[in-house]
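Its first residue numbered 0, the sequence shown is counted upward by one per residue in numbering that gives the first Met the number 0.
Where is the CB? At the ideal position from N, CA and C, for every residue including glycine.
Right, one structure below, let's go through it.
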Amino acid sequence: MTTLYGISNCDTIKKAKKYLTDNNIDFNFHDYRKDGISLDMITEFATHIDWQDLVNKRGTTYRQLSDEQKQNLDKDTALAILVAQPAMIKRPVLIRNNSYHLGFKSAQYDEIFAS
């Protein structure tokens with residue numbers, strides 16, 4: 000089974016969902032805001048994807064952190080912030096056959112779903 004994690008109004012999520020739908024790939028969508036998020040979930044993500052890669056440093060949520068928060072960001076503080084501020088998680092996280100993938104590019108998805 001394939002699960003896509005993110006926030007429904009995100010443009011990248013919309014592109015990923017369109018790709019999956021257009022390619023007739025069955026998937027579940029987990030919206031952090033509607034379906035919830037937990038430290039256990041984010042910790043599991045971080046066991047498969049480097050926690051630093053999970054942090055979306057380009058978004059407004061990250062930019063609104065204080066300089067002190069940014070300078071003192073380590074795995075534990077980052078994961079706690081990601082739970083409190085799910086918009087700061089780089090999107091999407093895709094899980095297929097217990098394999099974790101971050102971000103969306105159609106060529107990347109072509110490879111993931113080729114097998």
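Review point. How close, in whole Å, do the beta carbons of threonine 11 and proline 91 come, if the pair is a contact with beta carbons under 8 Å?
Key: 6 Å
Point to revise | Spatial distance of tyrosine 108 from arginine 32 (CA atoms) | key: 24 Å
Point to revise | Given isoleucine 48 as reference, the closest of Lys89, Ala106, Met0 once Cα atoms are compared | key: Lys89
Review point. Is glycine 5 buried or exposed, if buried means 16 or more other CB atoms sit within 10 Å of its CB?
Key: buried
Practice item. Return the residue from the list Leu72, Ala86, Asn97, Tyr99 that minimises the CA-CA distance to serine 7. Key: Ala86
Check your understanding: For the putative contact between threonine 1 and leucine 93, defined by C-beta atoms under 8 Å, what is the C-beta separation to the nearest angstrom?
Key -> 7 Å
Check your understanding: Which of helix, strand or coil does DSSP assign to arginine 95?
Key -> strand
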